Structures are given as structure tokens and as C-alpha cells.
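Visitor:
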């Protein structure tokens, strides 16, 4: 009975608070701060355009016109670069739409013009038309060469406006102060472009899979022999994980190890490659068995040949997929039959902010605290396939039997001298859900150290999540990072 009392009392207190507070005036909102997303960006050698983002701390009520001044150093408008919107008399006017939180300015290099790389543009907000407060201290510089960031503050743009329901994946590159928000492009499977031959499930889109058989050894290898009856012998990959428990073997290993994918390594011998059943998530609803797909993957040259169809379909389609050496994966959408690149180039991102499948030891729904897969929001994944590593650092002493075994260290105090004690991990989910709590917000007791593929080391801490009254916006977490020197 105690457990029921523990649940009812907070509920009664919450209802009492709502009832007694309904006649009180809401407290005034904090200032809506207008600023550039980062303080410095640069052109990579292969880039011809760069986007500068101006954002507010929350959605504006009405359309807001912003005037930006541009200061040139070594370049001239029209001769070396242009802008969208166009610059007039050294100024650019942007509009943040009503209920939105940002506006963008694009700078384009003029083709066939030689630049030394020392040139730059500086942008500053001169004025704004409505209720926002301009952060005059924050300007941004665009260099016409690549940069190595010393660090910055960044708001991750998972949502663009207050009414947007879906949080899109955002890829972040610390060394370039760069974030890329990927527009909605659903896909089912990712085909590895490295030396190995592997197939990955799109865990950001609730994709689950298993082999077509009671055991892997007895699973079928002929896709034409697989029918709806085979779904009855398989684990329930149609489960959503929340309303109906999902078998942890239906998702790729949360660590991101290639050896832990549901699809085994693709053999050179087609007769050794099994047929897999694949279910595409339907939100909180289960995916009916007749909507599952059957998929068989073989090697073809230095790429893949994929056979696929709905589980009970007679006609099987085939598509060939070539590896793209600059990318981790090539994506395939089984529903449309289209292939495309879903991520930025492998060398151009360090962490990903996204919803996705994650493993938790929560006892929600009863039962023992065993690892269970759930679809969660606000996850952070490292780019382990490109060689990015990370470690979690505690700001508090870690004790065992009342004895300090690891001494805590403050984010501000962490320096290069501390790296000798850091144990870097290639676990894709090492940050995962650990940086936040959906009730109170950011976990203030930890920060992270991230080593990018080039060997640059950044310390990273999260400041706001948008829950628990922290002043942030859900879907637009705020973070701070700095090059460790």
C-alpha cells in the first residue's frame, strides 16, 4: 500500500497547487535574448557557401525584423562574396517569422576568385523591431578559411519554432562551431561505407529487426521462401517498447559496435546470408506483422545488393548500393525504395542530438531492472564510426565504502593535465541519456570530454534542456564547450 500512497500524495499536492494558483497572475517572462548562434565560423576548402544563424531564447510572438551590420576585412561585396538576403549599404535585413526562433543569412563565395584565407566578415546586430533584447556582446566572425574552434556556447536547433512537434537530428562539429539540422528524410537501413560489410538499423526512426527463423542457424536464406507465417516464429519486432515490451535483440547494440548489429556481417557467399524481418516504427502503436519487410543483403563488388519486399509479397525488388568513401553510411528507405546520404561527411561531425532507441534499466511497467529498449527524446550520440571517442567526468567525488576512489573536478578547472586520467570510450551512447533527466533537466554533476577524429579534445557541458523550469526550450538544448589546452 505504501507505493500507492507515494504516488497519490504528490498528485494531490499538484492538484492543490493548480487549484490555489489559478487566480494568481503568471510571473513575467524573462527577456527574450537575440544573438548569433556561435561567435566564429569558417569556410572549409570544399565549401562555397556558409550559413549564419541568428536565434532567440524563445519563440517570438510576432514577425521580427532584424538589421545586421557587416564589416569587411580583405573582401568586397559582389566581387568576392554575395549574401542572401542581399546586403545593401553594408547591412542585411532578416525576418524571424512569428512563433519562430531563428533566421538565417547565407554567404556565398564568388566563383573563380582567389582568396588567401586571411579574409573575414564580422556580423553584428544593429536593431530589432519587436520585443527581443539584443545581446550586443555577441558578434560573429566568418573567416574565409577553415578554423579550429577554441570553444563556444551553442543552442542546438532541434526545433525551429514553438509549434514544431518533431525534433530533427542535429549533427555538431566542435572544431568548426558548426551544426547541421537534417530535414526529415526517413530511412530504414544504413549500409556501412567502411572496410567492413555491415547493415545498421535506423534507431532514430524506431526500426527493429530479426532473422527469419526461430534461431539464427535455422533462419531462411531464400527470400522467396519467407511468408507471413515466418513472423510467428520470430521475436515480436512490431512492439513499440513502451506499451508492449520489446526484446533487446531487436535493436542494434546501443554501444554502436559493428559486431553488435542485428544484421550479421554480410558474407561473400550469398548462400550464407540470412533473410531478415524488419519492422518500421509506428509511433506508440505496434507495427502489424503484415507490414513487416523481408530483406536479404549480399555483397556486390565493393558495395551491396539488397533484395526486399513486404513479408507476404510475391514480387521481390532488388537495389544495388555503392559505398561512398567520405561517409559512414548510405541510407535506404524500404517504403520508397530510395537511397541517399543521411548524415554529413564522416569527418564533419562529432556528436548527434536526436530522438532514438536507447537502453534503460528502468523498472517502469514492473518487472526486474533488466536492460530494456525504449524510444526516447533528447539523446546524444558520438560519431564512433568515424573514430570519435568520449568520457564522462564527475564534478563530485565518487566513493566506494565511504572512500573516495575518484576525485571530482569542476568543468572550469579541467585542463590538459587531467587527460592522463581520462578513459576514452568508443561507446556511441556514452553521453546518451546520461546528460539529462526528463523531470529536472540537465545533470549538473557531470560533464564530458570528447576527442574528435583529428585528435582535438573538447570538454563539453550542457546548460539547459527546456524542462524543470531551467529557462530553456525543449528540443533546443544549450551547451558550452572548450578546446582542452
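Residue numbers (this note's numbering): 172 to 656.
Glycine included, each C-beta is placed from N, C-alpha and C at the ideal position.
All values derive from a computational prediction rather than experimental measurement.
1) Only counting the same chain, and skipping five residues up and downstream in sequence, which positions put a Cβ closer than 6 Å to that of residue 425?
2) How about residue 318 and residue 212: are their beta carbons less than 8 Å apart?
3) Rounded to whole angstroms, how far is the Cβ of residue 648 from the Cβ of residue 524, which I believe are closer than 8 Å?
4) Could you check what DSSP says for residue 546 in three-state terms: helix, strand or coil?
5) Alpha carbon to alpha carbon, what distance is there between residue 280 and residue 253?
6) So is residue 451 buried or exposed if we call it buried at 16+ other beta carbons inside 10 Å?
7) Using three-state DSSP, classify residue 214 as helix, strand or coil.
8) Inspect the beta-carbon positions of residue 221 and residue 313 and report whether they are closer than 8 Å.
9) For residue 469, which residues from the same chain have a beta carbon less than 6 Å from its beta carbon, with the 5 sequence-adjacent residues on both sides left out?
10) Go through its chain and collect everything with a Cβ distance to residue 639's Cβ below 7 Å, but skip five positions before and after it.
11) Please determine, among 327, 291 and 594, the residue with the shortest C-alpha to C-alpha distance to residue 316.
12) Is it right to say residue 373 is buried, meaning 16 or more other beta carbons lie within 10 angstroms of its own, or is it exposed?
13) Give me, in chain order, the residues of the same chain whose beta-carbon lies closer than 6 Å to that of residue 446; leave out the 5 immediate sequence neighbours on both sides.
14) Any idea if residue 214 is buried or exposed, counting beta-carbon neighbours within 10 angstroms, 16 or more meaning buried?
15) Please report the residue range of the beta strand (DSSP E) in which residue 491 lies.
16) Is the distance from the Cβ of residue 527 to the Cβ of residue 375 below 8 Å?
17) Enumerate, from N- to C-terminal direction, the unbroken beta strand (DSSP E) stretches of 3 or more residues contained entirely within the region 396-456.
18) Go ahead and label residue 626 buried or exposed: buried means 16 or more other beta carbons lie within 10 angstroms of its beta carbon, across all protein chains shown.
19) Quick one, are the C-beta atoms of residue 463 and residue 508 less than 8 Å apart?
20) Can you check DSSP and say which residues form a bridge with residue 561?
21) CA-CA distance, residue 362 and residue 438?
Guide: This is what the structure gives:
1) 530 and 600
2) yes
3) 7 Å
4) strand
5) 7 Å
6) buried
7) coil
8) yes
9) 441, 444 and 476
10) 610, 611 and 612
11) 291
12) buried
13) 383, 391, 394, 397, 465 and 467
14) buried
15) 488-493
16) yes
17) 446-450
18) exposed
19) no
20) 596 and 621
21) 14 Å
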